[in-house]
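Using this note's numbering, the first residue of the sequence shown is number 144, and each one after it goes up by one.
All C-beta atoms in this analysis are idealised placements derived from N, C-alpha and C, irrespective of residue type, glycine included.
Since this is a predicted model, take the numbers as computed values, not measurements.
What follows is one structure encoded as structure tokens, with my remarks underneath.
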Amino acid sequence: MGRRENAVAAGTRDAEALALWLRAQRERRGVTYAAMAKLIGYQFTASMLSRGASGKIPSRKLVEAYAKACDADRAEAVRLWKAARRSEEESRLHDETVAEFQDLATSVRSALTHPEVIETFGQLRRAMIHVRAEEGQPSLGVLQAKAGRTADGRCFRLPKSSLSAVLRGGAVPSRSHVTAFMEALDASPGKVREWERAWDRIAEFLPRSEWRAPLRSGHLSALFC
């Protein structure tokens, strides 16, 4: 029978079933791959027949030749081959669909977190989370340090405790916090102004007395240094 074969490495269960069935027929017949190649008039070489039972789906002709060399049921060989090809195609289509929806989800998320379409402080929070992730998820301490201190030096422009509360949905950021947040992420002056306008737009249509309304849940408050 020759050297021991490697383990089956198949992409689907049906492909594995085909490979195992082929191997079982060879073992039942008690022939080597070299002998099989001779039996089918060297239509396929010994190495090609061996690869055909490795788990990677071979051609239909190879499967039929393999069955012939092992005096196995050709119809069953073809049935298993068709099942393997079908499952392989279904797996490929599934992967393509998942990739397409991931791309769509990314596009939608980017659109919904653009400052020009933000209408609530809840959306502003989600947009801040998104843009931070896009910039490599810098730590709160790094953002605090990069934002620096207020002009009088009394406190940080973007205290990490305040930013943590905002990103958790436990507080509404002040306008200065939004400015400092975007500057700490190295946003261009134009991009910073877009976010400031988003904050102004929300504040204009949402009375200050309502800023304590929840972004997610619980009792929230506006933050100021």
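Query: On the criterion of 16 or more Cβ atoms from any shown chain inside 10 Å, does Gly184 qualify as buried, or is it exposed?; Result: exposed
Query: Are there 16 or more other CB atoms within 10 angstroms of the CB of Cys213, so buried, or fewer, so exposed?; Result: buried
Query: According to the Cβ coordinates, are Tyr176 and Ala189 closer than 8 Å?; Result: yes
Query: With distances taken from CA atoms, which of Ala270, Thr155, Gly154 is nearest Gly312?; Result: Ala270
Query: I'd like the list of long-range same chain contacts for Val309, defined as Cβ closer than 8 Å, with 5 residues on each side in sequence excluded.; Result: Arg268, Met271, Val315, Pro316, His320, Leu366
Query: So the candidates are Glu326, Trp342, Pro281, Ala294; which of them puts its Cα closest to the Cα of Ser307?; Result: Pro281
Query: Can you tell me whether DSSP reads Val285 as helix, strand or coil?; Result: helix
Query: With a 10 Å radius around its C-beta and 16 neighbouring C-beta atoms as the bar for buried, classify Ser305 as buried or exposed.; Result: buried
Query: For the stretch 152-166 and the stretch 187-204, state whether three or more C-beta atom pairs, one from each stretch, are separated by less than 8 Å.; Result: yes
Query: What residues in its chain sit with their C-beta under 8 Å from that of Leu205, if we drop five residues either side in the sequence?; Result: Phe187, Met191, Leu192, Gly195
Query: Out of Ala180, Asn149, Asp157, Ala215, which one is the CA nearest neighbour of Arg171?; Result: Ala215
Query: Please classify Asp157: is it buried, with 16 or more other beta-carbons within 10 angstroms of its beta-carbon, or exposed?; Result: buried
Query: Check whether chain D comes within 8 Å of Val321, counting only Cβ atoms and requiring the distance to be less than that.; Result: Considering every chain present, this structure includes no chain D. It has just one protein chain.
Query: With burial defined as no fewer than 16 other Cβ atoms inside 10 Å of the residue's Cβ, what is the status of Arg169: buried or exposed?; Result: buried
Query: Tell me whether Ala153 sits in a helix, a strand or coil according to DSSP, three-state version.; Result: coil
Query: Return the CA-CA distance between Ala152 and Gly279, expressed in angstroms with no decimal places.; Result: 36 Å
Query: Taking the runs of the alpha helix (DSSP H) that are 4 residues or longer, which of them lie wholly in the stretch 267-345?; Result: 283-290, 303-311, 318-327
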